[in-house]
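Residue numbers 5 to 219, in the numbering used here, belong to the letters of the sequence shown in order.
Every residue, glycine too, gets a C-beta built ideally from N, C-alpha and C.
Here is the structure we will look at.
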Amino acid sequence: MRRLVTVSCVVALASMASGCGGGSSSGGTCVGASACGGDIVGTWDITSSCVSLSASTFSSFCPAETASFSNLSVTGTMTFAAALTYTATTSVSGAATVSVPTSCLTQQGTSVSCAELDLLFATNPAFSSAECTGTTTCTCSLTFSNQTSTETGTYTTTPAGLLSQVAADTSGSDDSNYCVKGSTLTLTSLPGGAGNTDSAGQSIASGTLVLARQP
């Protein structure tokens, strides 16, 4: 589950001219569900989400850069096949505030002004709105455009309720507690995973998804 958020949000931020540095999380504390296992095979609609995302150390160019997030929400569907493959088609909505010291806007002899950074974000389809202002620090207020992305891969489960997913592009893995009760599936991310840790080994995204089984 963490990669769904990380791919949709963080990659968009990392595409800026100088990358993203240290960061803080949003969404408060998500209450995780206990693992109980169950039959996960089927197609599930995401009915609610609690997501916390930390943009930390995406670029070594400027550790003073920061990014914070608010009102993050995940929607979409996830399909777990009996052949132990999965497909997740999701979109993430929410907002971000990125603060970049102007000293970081010069890379390899090329300088970018705060106004030019504003234009970079404003023309990026990942954002529905963007505004950057400031002198010594360029602060950008961004709203994600709720773009849809699809991830495929393989998965395994344990009777105790551990779900392990490996993306087909081999860019990362994801471990979650899962619990199926009736037609409801709850996924709660676990720390770690090669696709969800920063250079300090800290988790980038965490949270809980509640899904309903399609008829």
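Fill in: Inside the stretch 111-141 only - beta strand (DSSP E) runs reaching at least 3 residues
131-137
Worksheet item: What three-state label does DSSP hand Cys40 in the structure shown?
Response: In the sequence shown, residue 40 corresponds to position 36, counting from 1. It is coil, neither helix nor strand.
Discussion item. Taking the alpha carbon of Ser74 as the reference point, which residue from Ser56, Trp48 and Ala86 has its own alpha carbon closest?
Written reply: Here residue 74 is taken as the residue at index 70 of the sequence shown, counted from 1. Of the listed residues, the one whose Cα sits closest to Ser74 is Ser56.
Item to complete: Throw me the rounded Cβ distance for the Val214 and Gly42 pair, which I believe falls under 8 Å.
Response: Taking the sequence shown and counting its residues from 1, the one referred to as residue 214 is at position 210. Taking the sequence shown and counting its residues from 1, the one referred to as residue 42 is at position 38. That belief does not hold up - the Cβ atoms of Val214 and Gly42 are roughly 14 Å apart, past 8 Å.
Fill in: Integer-rounded CB distance, given that Ala39 should sit under 8 Å from Gly165
Walking along the sequence shown from the start, residue 165 turns up at place 161. Walking along the sequence shown from the start, residue 39 turns up at place 35. Confirmed, Cβ separation roughly 3 Å.
Fill in: With 16 other Cβ atoms within 10 Å as the buried cut-off, status of Gln112
As a first step, residue 112 is located in the sequence shown; it is residue number 108 there, counting from the start. Its Cβ having fewer than 16 others within 10 Å, Gln112 is exposed.
Worksheet entry | Thr93 - containing beta strand (DSSP E), residue span | Residue numbering aside, residue 93 sits at position 89 when the sequence shown is read from its first letter. Here the beta strand (DSSP E) through Thr93 covers Thr89 to Pro105.
Worksheet item: What separation, rounded to the nearest whole angstrom, lies between the Cα atoms of Ala86 and Ser149?
Response: As a working mapping, residue 86 is identified with position 82 in the sequence shown. As a working mapping, residue 149 is identified with position 145 in the sequence shown. Approximately 33 Å, taken between the alpha carbons.
Worksheet entry | Classification of Asp173 by the beta-carbon crowding that lies within 10 angstroms, buried from 16 upward | Stepping through the sequence shown from its first residue, residue 173 is reached at position 169. Asp173 is exposed by the Cβ-count criterion.
Worksheet item: What number of angstroms, rounded off, separates the C-alpha of Phe84 from the C-alpha of Gly46?
Response: As a first step, residue 84 is located in the sequence shown; it is residue number 80 there, counting from the start. As a first step, residue 46 is located in the sequence shown; it is residue number 42 there, counting from the start. Cα to Cα, the separation comes out at about 5 Å.
Worksheet entry | Residue closest to Asp122, alpha-carbon to alpha-carbon, out of Val102, Thr161 and Tyr90 | Translated into the one-based positions of the sequence shown, residue 122 becomes position 118. Among Val102, Thr161 and Tyr90, the Cα nearest to that of Asp122 belongs to Val102.
Item to complete: Determine the direct distance from the alpha carbon of Glu155 to that of Leu124, and round the result to whole angstroms.
Response: The count along the sequence shown starts at 1 and reaches residue 124 at position 120. The count along the sequence shown starts at 1 and reaches residue 155 at position 151. Going from the Cα of Leu124 to the Cα of Glu155 covers about 26 Å.
Worksheet entry | Per DSSP, cross-strand counterpart(s) of Asn75 | Position 71 of the sequence shown holds residue 75. Asn75 pairs with nothing; no bridge assigned.
Worksheet item: Can you tell which of Ala71, Thr79, Ala37 and Gln218 has the C-alpha that lies nearest to the C-alpha of Ala144?
Response: Start at 1 with the first residue of the sequence shown, and residue 144 comes out as number 140. Just to set this straight, residue 144 is Cys in the shown sequence, not Ala. Closest by alpha carbon: Ala71.
Worksheet entry | Endpoints, beta strand (DSSP E) assigned at Ser153 | Counted from its first residue, the sequence shown places residue 153 at position 149. Per DSSP, Ser153 belongs to the beta strand (DSSP E) from Thr152 to Thr161.
Fill in: Contacting residues, own chain, Cβ-Cβ under 6 Å from Arg217 (five flanking each side not counted)
Start at 1 with the first residue of the sequence shown, and residue 217 comes out as number 213. Cβ within range, chain order: Gly46, Trp48 and Ser187.
Worksheet item: When the Cα atoms are used, what is the spatial distance from Cys66 to Ser77?
Response: Indexing the sequence shown from 1 puts residue 66 at position 62. Indexing the sequence shown from 1 puts residue 77 at position 73. Between Cys66 and Ser77, the alpha-carbon positions lie close to 28 Å from each other.
Worksheet item: Can you name, in chain order, every residue of its own chain whose Cβ lies under 7 Å from the Cβ of Leu194, other than the five neighbours on each side?
Response: Residue mapping note: residue 194 aligns to position 190 of the sequence shown, counting from 1. Cβ neighbours of Leu194 beyond the five flanking positions: Asp179, Ser180 and Asn181.
Worksheet entry | Closest by C-alpha distance to Gly138, when choosing among Ile44, Val96, Val104 and Ser52 | By one-based count along the sequence shown, residue 138 stands at place 134. When each option's Cα is compared against that of Gly138, the closest is Val104.
Worksheet item: Roughly how many whole angstroms lie between the Cα atoms of Leu88 and Cys142?
Response: Position 84 of the sequence shown holds residue 88. Position 138 of the sequence shown holds residue 142. Taking the straight line from one Cα to the other gives about 46 Å.
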